[in-house]
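One structure below.
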Amino acid sequence: MTRDFLVTATPPTPNGDLHVGHLAGPYLAADVFCRAQRALGHRVRFTTGVDHHQTYVVTMARNQHRDPAELAAGYGRDIRETLHSARIGADTVTVPDDAYTAHVQDFFARLHRTGRLHRRTWAFPYSRHTGRHLLEAFTTGICPECLAPASGAICEVCGHPNDPGSLLLCTDDQGNAATERRAVDILVLPLEHYRHHITAHYARHRAGMRPHLLRFVEEMLSRPLPDFPISYPADWGIPLPFDGHPGQVFNVWAEMLPGLTHAAPDAWARDSRHELVQFLGYDNTYFFSLAHLCLAFAHGGLTTPTSIITNEFLHLAGSKFSTTRGHLIKARDLLARHGADAVRFGLALDNPEHQRTDFTEAAFTHTVETRLHAPLTTLRAALTDHELPAGSTPPPLLHRYHERMLRAYAPETFSLREAAEATAQLLSLLADHATDDPALALHGLHALTEHAAPLLPDLAAELHDHYGRHQTATKTP
0 MTRDFLVTAT PPTPNGDLHV GHLAGPYLAA DVFCRAQRAL GHRVRFTTGV DHHQTYVVTM
60 ARNQHRDPAE LAAGYGRDIR ETLHSARIGA DTVTVPDDAY TAHVQDFFAR LHRTGRLHRR
120 TWAFPYSRHT GRHLLEAFTT GICPECLAPA SGAICEVCGH PNDPGSLLLC TDDQGNAATE
180 RRAVDILVLP LEHYRHHITA HYARHRAGMR PHLLRFVEEM LSRPLPDFPI SYPADWGIPL
240 PFDGHPGQVF NVWAEMLPGL THAAPDAWAR DSRHELVQFL GYDNTYFFSL AHLCLAFAHG
300 GLTTPTSIIT NEFLHLAGSK FSTTRGHLIK ARDLLARHGA DAVRFGLALD NPEHQRTDFT
360 EAAFTHTVET RLHAPLTTLR AALTDHELPA GSTPPPLLHR YHERMLRAYA PETFSLREAA
420 EATAQLLSLL ADHATDDPAL ALHGLHALTE HAAPLLPDLA AELHDHYGRH QTATKTP
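Take the sequence shown: its position 410, counted from the start at 1, is 409 in numbering that gives the first Met the number 0, and no numbers get skipped.
See below:
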């Protein structure tokens, strides 16, 4: 049966180009998933965007003495170019414009009009040094849940949210202690009102969720759920379209849901039959697993995720990739040195899908050379003058590769690591036996053109063009 998938990858922040950690996260995974589902005959809509209104754009612009809008536009172009270079083919990469702004405002105007949003008084730390209420990138402190260093809104270590009043040892983004509090009436969505809906949703779709995400949701449900801020006192973002909240903009993490729906409103409709599969880093889990889910419940007309596929952090030489701290390797630079398929293969093989992994370019280069390039070189040399005998059929062991790749590409069991490992093992086997069993090698290359194509699209096309005349038909996955 043909299925309809709506796939999202978290819109990246344009405070810099994509780094290798970004690429190893939701963007590669979402692209491989989409290619695999299309190869299986399913219909797919793949959307992402550029998250212009993150406060990290403002802090980076200040550090670089640039205008935030100009900085976001420039890095947004870089991000789209890097995605293209990595062969990541989103159907839509949304960039905020007037239509986007109107869509976001209309979305929240509906929730406001129907009483879904509540007015709450929040006490925000305020910095006289910066003239800002301290939230998101404008503040740092200690996470009240796990005691790790954290910025405002979310802790990247444990994934738990914080509000401006709960962040411990709070300072502004220039290190000045926050000694003043200012009460501001903001709009919130009370997540606790949707507890029953949340519980029922995860009971129904548990198989499509990563274990770490499920554990996080269970932790959050073990206590009263927080109010999710819809508006903030700030000057960077989309202004509220209704009275009573002057000087406020929509919380960028609230904006993100209608921002994603703007790209494909028909697919997001609750009666559209689309299965929503969302790819994101674990640090965004709170927003997608609870806040956005409850916004969809409050709206009443949106589909909700059947699968949320998270990844952990890829570290660089022992610590997290970070655009803000300048601790990174640009994805475009790695792609220029090694090529798209090599980067996709290497990042998939050691992917941080369930736990953190560490990246060094030396180890990456060695892995790609020994597990991809070397066996391919052996195969090409051994098969120069060979063709498949008439009537030759694929050996049974290739059916096992077919089955493993199907499992690796399925939403319930999706795994870049398993897809890359199965492909590397098959390449090694084929190279070892290319001289004494060229028929196995040729059949194996045909299997690679079909089953490894979502992971290695350029290589699959090359193998198909070069060895296609030797191939016999096998069942397409």
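Don't be surprised by glycine CBs; every beta carbon is placed ideally from N, CA and C.
As the structure is a prediction and not an experimental result, all values here were calculated from the model.
So, under 8 Å CB-CB, residue i and residue j are touching, yes? Tell me the CB distance rounded to an integer number of Å.
i	j	result
histidine 353	glutamate 311	7 Å
leucine 188	isoleucine 229	6 Å
cysteine 169	threonine 129	Contact flag wrong, Cβ pair sits at about 13 Å.
asparagine 350	alanine 23	6 Å
threonine 422	leucine 454	7 Å
arginine 331	threonine 81	5 Å
leucine 190	leucine 289	6 Å
arginine 269	leucine 301	6 Å
threonine 561	threonine 46	The structure shown has nothing for residue 561, since the chain only spans 0 to 476.
valine 103	isoleucine 237	5 Å
serine 126	aspartate 171	4 Å
State buried or exposed for residue i, treating a residue as buried only when at least 16 other CB atoms are found within 10 Å of its CB.
i	result
proline 223	exposed
threonine 54	buried
arginine 468	Unreliable placement is indicated for arginine 468, whose pLDDT of 49 sits below 50; the coordinate value is still reported in the next sentence. With fewer than 16 other Cβ atoms within 10 Å, it is exposed.
leucine 415	buried
asparagine 175	exposed
alanine 335	exposed
alanine 68	exposed
glutamate 217	exposed
threonine 309	buried
glutamine 173	exposed
serine 221	exposed
glutamate 402	exposed
alanine 152	buried
asparagine 14	buried
glutamine 247	buried
glycine 140	buried
phenylalanine 287	buried
leucine 256	buried
histidine 398	exposed
alanine 460	exposed
proline 395	exposed
glycine 345	buried
cysteine 145	exposed
histidine 64	exposed
asparagine 62	exposed
For residue i, which residues in the same chain have their Cβ closer than 6 Å to its Cβ, ignoring the five residues on either side in sequence?
i	result
proline 410	Gly207, Val276, Ser306
tyrosine 466	Leu444
threonine 9	Pro25, Leu279, Asn283
arginine 131	Phe137
arginine 34	Pro453
leucine 252	Before going on, a small fix: residue 252 reads as tryptophan here, not leucine. If we look at tryptophan 252 and ignore the five residues flanking it on each side, its Cβ neighbours are Phe286.
alanine 263	Arg44, Thr46
phenylalanine 296	Tyr193, His196
aspartate 3	Arg42, Arg272, His273
leucine 426	Pro374
Would the C-beta of residue i count as close to the ligand COA, meaning under 6 Å from any of its heavy atoms?
i	result
serine 427	Although the ligand COA was asked about, the structure shown includes no ligands whatsoever.
For residue i, I'd like the list of residues in its chain whose CB is within less than 8 Å of its CB, leaving aside the five on either flank, ordered along the chain.
i	result
cysteine 142	Pro148, Ala149, Cys154, Val156, Cys157, His159, Asn161, Leu166, Leu167
arginine 37	Val43
aspartate 457	Arg86, Gly338, Ala339, Asp340
glutamate 417	Arg403, Arg406, Ala407
glycine 75	Pro13, Val49, His51, Val94
histidine 291	Met255, Leu256
proline 163	Trp121, Ala122, Phe123, Pro124, His132, Leu133, Leu134, Thr138, Gly151, Cys169
arginine 205	Leu213
threonine 471	Low confidence applies to threonine 471: its pLDDT is 41, below 50, so where it sits in the model is not reliable, and the reading given next is rough at best. Within the same chain, threonine 471 has close Cβ partners Leu387, Ser391, Thr392, Pro393, His442, His445.
Can you find the residues in the same chain that come closer than 7 Å, C-beta to C-beta, to residue i, ignoring five residues on each side of it along the sequence?
i	result
leucine 462	Leu444, Leu447, Thr448
histidine 385	Pro437, Leu441
alanine 381	Ala433, Thr434, Pro437, Ala440
arginine 79	Val92
histidine 18	Phe320, Thr322, Leu327, Ile328, Lys329, Ala330
phenylalanine 241	Ala108, His111
Jot down the residue ranges of each uninterrupted alpha helix (DSSP H) in the region 381-458, minimum 4 residues, whole runs only, in chain order. 395-408, 415-432, 437-450
Can you check the region 186-257 for any alpha helix (DSSP H) of at least 4 residues that lies completely inside it and give the ranges in chain order? 194-204, 210-220
Does the contact criterion of 3 or more C-beta pairs under 8 Å hold for the region 345-364 versus the region 434-444? no
Output the residue ranges of the alpha helix (DSSP H) runs that lie fully inside the region 274-298 and measure 4 residues or longer, sorted by chain position. 291-298
Can we say the region 260-280 touches the region 317-329, given the rule of at least three CB pairs closer than 8 Å? no
Is the number of C-beta pairs between the region 359-372 and the region 331-348 that are closer than 8 Å three or more? yes
Entirely enclosed beta strand (DSSP E) segments - the region 73-124, minimum 3 residues: 91-93
Given 8 Å as the limit, is there contact between the region 98-110 and the region 191-202, that is, 3 or more CB pairs closer than that? no
Taking 8 Å as the threshold, find out whether the region 176-183 comes into contact with the region 111-126 through three or more Cβ pairs. yes
With a floor of 4 residues, list each alpha helix (DSSP H) that falls wholly inside the region 285-362, ordered by position along the chain. 291-298, 330-337, 339-348
Enumerated in chain order, which unbroken segments of the beta strand (DSSP E) with a length of 3 residues or greater are wholly contained in the region 130-166? 138-141, 148-150
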